[in-house]
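Right, one structure below, let's go through it.
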Amino acid sequence: MPILPMTFPRKTLALGVACALTACSTLPRYSVPEAAVPARYAAPAGPAEAAPGWAVATPGDTQARGDWWTLFNDPELNRREDQLAVSNQTVKRAVAQLQQARSMIDYQHAGLLPTITAGAAQSRARLSQNVEGHSLAGRTVPDYALGLNASWEPDLFGRVRDAEVNARDNAQASEADLEAVRLSMSTDLARDYFALRALDIQKKLLDDSVSAYAAALAILRQQLADGAIDASATAQAETQLEETRSQATDIAVQRAQMVHAIATLIGVPASSFSLAPKVESIPVPQIPAGVPSQLLERRPDIAAAERRVAAANAQIGEAKAAFYPDLTLSASAGLESTFFAPWLTAPSLFWSIGPQLVGTLFDGGKRDAALNGATAQYDGSVADYRQTVLVAFQQVEDNLSALDTLASEAQSQQRATAAAERSLRLTQNRYQAGAVSYLDVVTVQTIALTNQRTEARIQARRVDASVQLLKALGGGWDRTLLSSSRSKD
26 MPILPMTFPR KTLALGVACA LTACSTLPRY SVPEAAVPAR YAAPAGPAEA
76 APGWAVATPG DTQARGDWWT LFNDPELNRR EDQLAVSNQT VKRAVAQLQQ
126 ARSMIDYQHA GLLPTITAGA AQSRARLSQN VEGHSLAGRT VPDYALGLNA
176 SWEPDLFGRV RDAEVNARDN AQASEADLEA VRLSMSTDLA RDYFALRALD
226 IQKKLLDDSV SAYAAALAIL RQQLADGAID ASATAQAETQ LEETRSQATD
276 IAVQRAQMVH AIATLIGVPA SSFSLAPKVE SIPVPQIPAG VPSQLLERRP
326 DIAAAERRVA AANAQIGEAK AAFYPDLTLS ASAGLESTFF APWLTAPSLF
376 WSIGPQLVGT LFDGGKRDAA LNGATAQYDG SVADYRQTVL VAFQQVEDNL
426 SALDTLASEA QSQQRATAAA ERSLRLTQNR YQAGAVSYLD VVTVQTIALT
476 NQRTEARIQA RRVDASVQLL KALGGGWDRT LLSSSRSKD
């Protein structure tokens, strides 16, 4: 078979392929910005040893991994967290934003490929009869056309590839954003759930006190009727009873609001959701904090901030590529005829092909401004990244310190509660022996109840600090869980 001559279309195609193969890139070399990372945490790397009587959860694996809330061994919380994962509207919005960001990768990648269009048209036109020297003057001429157009812009200086890198980095940032939203929502749910259980414990303390005070008041009223005591004792007992009832009612209001908050988080109407009271001491799990350098890989918000730095770096490459010319290869072919009958025959064929090289000679500084803006955006992204790292370390330190301090406070409060309960027993015995007035009993009862409630609140704060520490440590998330389609920085 004879070798065909190198015709113009083949030369043009060869030129485009050569340009594509020899394309260069304006993408700056990227490296993760440096951030100040301490060698160790200042606070103890975990809660202090629990005081006697405080149960500490010790699951087989104390390192949170993904479903970090399972460290608390609460089946009800586990079920609600599963509901949140599929029904929370904030999470759904973050999923949609991730899908939108991923679609931009395909959109930018399409710029590397040719664009092909096709069309068919039929028209009729009449040339003015008063046009002199024209063979079609005064005639109506039909036209039938069927055409195919193709154009391709070889990415000579990496503008399209830089845009694709930008889109991919932004998609990874959105992926990390989604994990940050999930972590935030699951943390809010756990905090609300444990706050609800803490209210249940306080409500039980108050209800038990109301029952005891009511029984005591009934005895005092009988003694008053028998003339054994004066009316001041019953007045004091009745005041104490009603104050405690009022506190119990206030706890009920707070509990209802907490149930409504949980319903909203798991995506159900508040009016159709309820949680039965549960009075159990909530254990504080042991949470190893690890070393500070691990935090950079475990926090999704840090990963998102770093990916946005990489995206800003790719945007600088796009801005630099605008200083170079664009090469466009275009071709068209089709059939056109004035008459319908011979329209689809070989003589009706037309075609054209050719390259176009276009560069901007003067734009009033627009490209310089775009490059300066991209560079400034990169600098801002670096600052955001470093600030995110600083805030992350602060949050870990805050909660480590809180857990350490609250553990010591819990020990002191437990001793105070035991002393108050012992004082109450002694005072009641002395009252029954006639050694003290009922006012002394009321005073000591109030002190004992206050200490019991304070002990319950400290335990609730310890659990809340544990939840917030798990969030600050990234909730078991790891940067390697990001999409494997890494940008080539």
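When you line the sequence shown up against my numbering, it's residues 26 to 514, in that order. Even glycine gets a Cβ: it sits at the ideal position worked out from N, Cα and C. Treat the numbers as computed from the prediction; the structure is a model and nothing was measured.
With DSSP as the reference, please indicate the residues paired to residue 454 in a beta bridge. Paired residue(s): none; residue 454 is not in a bridge.
If you draw a straight line from the C-alpha of residue 345 to the C-alpha of residue 416, how long is it? Each residue's alpha carbon lies about 34 Å from the other.
Answer yes or no: do residue 194 and residue 333 have a C-beta to C-beta separation smaller than 9 Å? Against a cut-off of 9 Å, the Cβ pair of residue 333 and residue 194 comes out as a contact.
Determine the DSSP secondary structure at residue 370, reduced to helix, strand or coil. Residue 370: coil per DSSP, three-state reduction.
Considering only DSSP beta bridges, list what residue 17 is partnered with. Look at the range of the chain in this structure, 26 to 514, and you will see that residue 17 is not part of it.
Cutting at 7 Å between CB atoms, please list the residues of its own chain near residue 369, excluding the five before and the five after it. Excluding sequence positions up to five before and after residue 369, its CB lies within less than 7 Å of the CB of 360, all in the same chain and listed in chain order.
Classify residue 162 as helix, strand or coil using the three-state DSSP reduction. Looking at residue 162 - three-state DSSP - the assignment turns out to be strand.
Using the beta-carbon count (16 or more within 10 Å), is residue 28 buried or exposed? Residue placement at residue 28 is flagged as unreliable, the pLDDT there being 41, under the threshold of 50; the coordinate-derived value follows with that caveat. It is exposed - the Cβ of residue 28 has fewer than 16 other Cβ atoms within 10 Å.
Beta-carbon of residue 139 versus every beta-carbon of chain B: anything under 9 Å? Protein chains in the displayed structure number just one, and chain B is not present.
Cβ-based burial, residue 213 [other Cβ within 10 Å; buried from 16]: Label assigned to residue 213: buried.
Tell me which residues share the same chain as residue 139 and place their Cβ nearer than 7 Å to its Cβ, disregarding the 5 neighbours each side in the sequence. Leaving aside the five residues that flank residue 139 on each side, the residues in its chain whose CB is nearer than 7 Å to its CB run, in chain order, 175, 176 and 177.
Please classify residue 219: does DSSP put it in a helix, a strand, or coil? In the three-state reduction of the DSSP assignment, residue 219 falls in the helix class.
Are the beta-carbon atoms of residue 287 and residue 491 separated by less than 9 Å? No, they are not a contact pair.
With three or more beta-carbon pairs closer than 8 Å as the criterion, would you say the stretch 194-206 touches the stretch 350-365? Touching, no, given that fewer than three Cβ pairs across the two stretches are closer than 8 Å.
Just to confirm, are residue 362 and residue 168 a CB contact at a threshold of 9 Å? Yes, Cβ-Cβ distance for residue 362 and residue 168 is below 9 Å.
Measuring CA to CA, which of 170, 306, 304 and 280 is closest to residue 295? When C-alpha distances from residue 295 are compared across 170, 306, 304 and 280, the shortest belongs to 280.
Please classify residue 497: is it buried, with 16 or more other beta-carbons within 10 angstroms of its beta-carbon, or exposed? Counting every other CB atom within 10 Å of its CB across the protein chains shown gives residue 497 a total of 16 or more, marking it as buried.
If distances are taken between C-alpha atoms only, which option among 101, 147, 203 and 112 comes closest to residue 508? Among 101, 147, 203 and 112, the Cα nearest to that of residue 508 is on 203.
Taking the alpha-carbon positions, what's the residue 468 to residue 255 distance? For residue 468 and residue 255, the distance between alpha carbons rounds to 18 Å.
Where the alpha helix (DSSP H) containing residue 102 begins and where it ends: Residues 100-112.
Distance between residue 291 and residue 116 (C-alpha atoms, nearest Å): For residue 116 and residue 291, the gap between their C-alpha atoms comes out near 10 Å.
Could you tell me whether the Cβ atoms of residue 221 and residue 283 are closer together than 9 Å? Taking a C-beta distance under 9 Å as the contact criterion, residue 221 and residue 283 qualify as a contact pair.
Is the beta carbon of residue 343 closer than 9 Å to that of residue 131? Their beta carbons are not under 9 Å apart, which means residue 131 does not touch residue 343 by this criterion.
Let me check understanding here. Comparing Cα to Cα, which of 224, 156 and 68 lies closest to residue 483? Checking every option, the nearest Cα to that of residue 483 belongs to 224.
Once DSSP output is grouped into helix, strand and coil, what is the label at residue 499? Residue 499 falls in the coil class under three-state DSSP.
When the distance is taken between beta carbons, is residue 102 closer than 9 Å to residue 141? Cβ distance not < 9 Å, so residue 141 and residue 102 don't count as in contact.
Quick one: grab the DSSP three-state call for residue 433. Of the three classes helix, strand and coil, the one that applies to residue 433 here is helix, per DSSP.
Could you give the distance in angstroms between the alpha-carbon of residue 285 and the alpha-carbon of residue 475? Distance between the alpha carbons of residue 285 and residue 475 is about 28 Å.
Hey, out of 418, 324 and 271, whose CA is closest to residue 505's CA? Answer by Cα proximity: 324.
For residue 310, does the count of other Cβ atoms within 10 angstroms reach 16, so buried, or fall short, so exposed? Sixteen is the threshold: when 16 or more other Cβ atoms of the shown chains lie within 10 Å of the Cβ of residue 310, as they do, the residue is buried.
From what residue to what residue does the beta strand (DSSP E) around residue 358 run? Its beta strand (DSSP E) spans residues 351-362.
State whether the stretch 432-452 contacts the stretch 230-246, with contact taken as three or more CB pairs (one from each stretch) at a distance under 8 Å. Inter-segment contact for the stretch 432-452 and the stretch 230-246 is absent: fewer than three beta-carbon pairs are separated by less than 8 Å.
Helix, strand or coil for residue 505 per DSSP? Helix, per DSSP.
May I have the straight-line CA-CA distance separating residue 153 from residue 159, to the nearest angstrom? Spanning the two alpha carbons is a distance of roughly 10 Å.
Which residue wins for smallest C-alpha separation from residue 319, given the options 389, 52, 50 and 66? Among 389, 52, 50 and 66, the Cα nearest to that of residue 319 is on 66.
Terminal residues of the continuous alpha helix (DSSP H) containing residue 306? Where residue 306 is concerned, there is no enclosing alpha helix (DSSP H), given that its DSSP letter is neither H nor E.
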